[in-house]
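Everything below concerns the one structure shown next.
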Amino acid sequence: MRVAFFSTKKYDRESFERWLPEHPHEINFFEAKLDRHSALLAQGHEVVCAFVNDQLDKTTLEILASMGIKLIALRCAGYNQVDLDEAKKLNLKIVRVPAYSPEAVAEHAFALILTLSRKTHKAYNRVRESNFSLEGLTGCNIHGKTIGVIGTGAIGRAFCRIAKGFGCRILAFDIFENEEMKALGVEYCSLHYLFAESQIISLHCPLTPETHHIINKKSLRRIQDGCMLINTSRGGLIETKSVISALKKGKIGFLGIDVYEQEEDLFFQNLSEQILQDEQIARLMTFPNVLITGHQAFLTREALDQIAVTTLENISAFEEKKKLINEVSL
Ligand code: NAD
1 MRVAFFSTKK
11 YDRESFERWL
21 PEHPHEINFF
31 EAKLDRHSAL
41 LAQGHEVVCA
51 FVNDQLDKTT
61 LEILASMGIK
71 LIALRCAGYN
81 QVDLDEAKKL
91 NLKIVRVPAY
101 SPEAVAEHAF
111 ALILTLSRKT
121 HKAYNRVRES
131 NFSLEGLTGC
141 NIHGKTIGVI
151 GTGAIGRAFC
161 RIAKGFGCRI
171 LAFDIFENEE
181 MKALGVEYCS
191 LHYLFAESQI
201 ISLHCPLTPE
211 THHIINKKSL
221 RRIQDGCMLI
231 NTSRGGLIET
241 KSVISALKKG
251 KIGFLGIDVY
261 EQEEDLFFQN
271 LSEQILQDEQ
281 IARLMTFPNV
291 LITGHQAFLT
301 REALDQIAVT
311 TLENISAFEE
321 KKKLINEVSL
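Residues in the sequence shown are numbered consecutively from 1, following my numbering.
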């Protein structure tokens, strides 16, 4: 099939080209982010391949449908960027990659936890300048801590397995309890209890109307002083202004984020020559106890290969009129 591939990065192209011989579709790689303005690039294609910050709103979907696009193949797990009601009305099929390497994201969440708890980012810079002083580098153990996990889907479960290896007590909140996790010793509890008991909280639920700003002014009042908050899921789970105020008061002791509420205009681009216009991320970057990565938790070789294979299989299944096992529907 003819595929218009948006938001292309070098690593996407490399992984898809590695697997194309097994799924001979014709892919045109566009660097542009997909939105109502760039949608016209999809003219002459049958499939659009999109990523997390592409805008699949009503207008964009209408343009794509009017040009004969039949399938939107998301090369990511989350689909909060798609207007599903509109897609249904326009008879546009949406497929995604539900799980490509949950371990990649879970391990990145732990990379944030370990960097913040042992200040390795500061030590790295110091040692490069021959500063071997240990002043200010005192950390804390992860062993024995209570970790609260919100969302025990594929990534949350991988995260719990790692946390178990560290010797943590694990509390979890999910709308569905998982038997494998219970057998591992994970204790399911209310969100209230999780907030009150955890020294580290890690978010692994999707962004939905129910989870939007699950971390807000009210919930932050319930957490322990000095709590570490980790978000590798979606920026909208956190109300950024409340988190900034909790950081200023010391209520949040550490913040590690791979996703950010207003990331669409920032992430996946080199803006180092520009003046940063986003006041909230600029403020976050001033805290010594905040670590930000630019939505890279998925970025491992293993995950990129799996993303390419599943996306190409989704497109082939559509072409061959097979059941779309990874279809997103209302
Ligand atoms: P998943 O669908 O396997 O699991 C999501 C879990 O959240 C499910 O167990 C579900 O029951 C639970 N959930 C849904 N609504 C909830 C609610 N209101 N409260 C508590 N739990 C709720 O998804 P996954 O593969 O584990 O991915 C989780 C999220 O991680 C994705 O939605 C995506 O936003 C994010 N993600 C980020 C990256 C990255 O690079 N940073 C990569 C992949 C995925």
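All residues carry an ideal CB built from backbone N, CA and C; glycine is no exception.
Whole-angstrom distance between S7 and N91, CA atom to CA atom: 24 angstroms
Grab me the residues of Q43's own chain with a C-beta within less than 8 angstroms of its C-beta, minus the 5 sequence neighbours each way, in chain order. Here Q43 has M67 as same chain residues with Cβ atoms under 8 angstroms from its own Cβ, once five neighbours each way along the sequence are excluded.
If we count the other Cβ atoms within 10 Å of its Cβ and call it buried at 16 or more, is E129 buried or exposed? exposed
Report, in whole angstroms, the separation of the C-beta atoms of F254 and M228, which I expect to be a contact under 8 angstroms. Contact check for F254 and M228: beta-carbon distance about 4 angstroms, within the 8 angstroms limit, so the pair qualifies.
Distance check for L247 and L184, CA to CA, integer angstroms please. The straight-line gap separating the alpha-carbon atoms of L184 and L247 is approximately 33 angstroms.
Answer yes or no: the CB of P209 versus the heavy atoms of the ligand NAD, is any distance below 6 angstroms? no
Helix or strand or just coil, what does DSSP make of L103? First, the amino acid is wrong: residue 103 is Glu here, not Leu. Note: E103 maps to helix in three-state DSSP.
By Cβ distance, which residues of its chain are closer than 6 angstroms to N314, with the 5 residues on each side in sequence left out? A73, V95 and N326
Just checking G153 against the ligand NAD - is the residue's beta carbon closer than 6 angstroms to any of the ligand's heavy atoms? yes
Report the residue from S329, R222, L324 and G78 whose alpha carbon sits nearest the alpha carbon of Y193. R222
Looking at the secondary structure, which residues open and close the beta strand (DSSP E) in which L71 lies? L71 to L74
How should S190 be labelled, buried or exposed, when 16 other C-beta atoms within 10 angstroms of its C-beta is the threshold for buried? exposed
Does the pairing of the region 23-31 with the region 51-59 give three or more beta-carbon distances under 8 angstroms? no
For the region 199-242, list the alpha helix (DSSP H) runs that are entirely contained and at least 4 residues long, ordered along the chain. Taking only runs of at least 4 residues, the alpha helix (DSSP H) segments lying wholly in the region 199-242 are 217-222.
Apply the 10 Å Cβ neighbour rule to F137 and answer buried if 16 or more other Cβ atoms are within range, or exposed otherwise. It is worth fixing the name first, because residue 137 is Leu in this sequence and not Phe. When all chains shown are included, L137 counts as exposed.
R169 in three-state terms, based on DSSP: strand
What I want to know is whether the C-beta of D305 ends up closer than 6 angstroms to one or more non-hydrogen atoms of the ligand NAD. no
Could you check where the alpha helix (DSSP H) with N125 kicks off and where it finishes? T120 to R128
F267, enclosing beta strand (DSSP E) - first and last residue: Where F267 is concerned, there is no enclosing beta strand (DSSP E), given that its DSSP letter is neither H nor E.
Classify P102: buried if its beta carbon has 16 or more other beta carbons within 10 angstroms, exposed otherwise. Buried is the call here.
With DSSP run on the structure shown, which of helix, strand or coil describes E22? helix
So the beta strand (DSSP E) I175 belongs to, where does it begin and stop? Premise fails: I175 is in no beta strand (DSSP E) and is neither H nor E.
Backbone CA spacing between A337 and K218 [nearest angstrom]: There is simply no residue 337 to check, as the chain begins at 1 and stops at 330 in what is shown.
CA-CA distance, E273 and R283? 19 angstroms
Specify, as a first and last residue, the run of the beta strand (DSSP E) that L255 falls within. I252 to I257
Should A172 be listed as close to the ligand NAD, given that the test is whether its C-beta is under 6 angstroms from any heavy atom? no
Considering just the uninterrupted stretch of the beta strand (DSSP E) at R332, what are its terminal residues? In the structure displayed, the chain extends from 1 to 330; residue 332 sits before or after that span and is not available.
The alpha helix (DSSP H) that contains I147, what's its start and end? Run containing I147: none in the alpha helix (DSSP H); it sits in the beta strand (DSSP E), T146 to I150.
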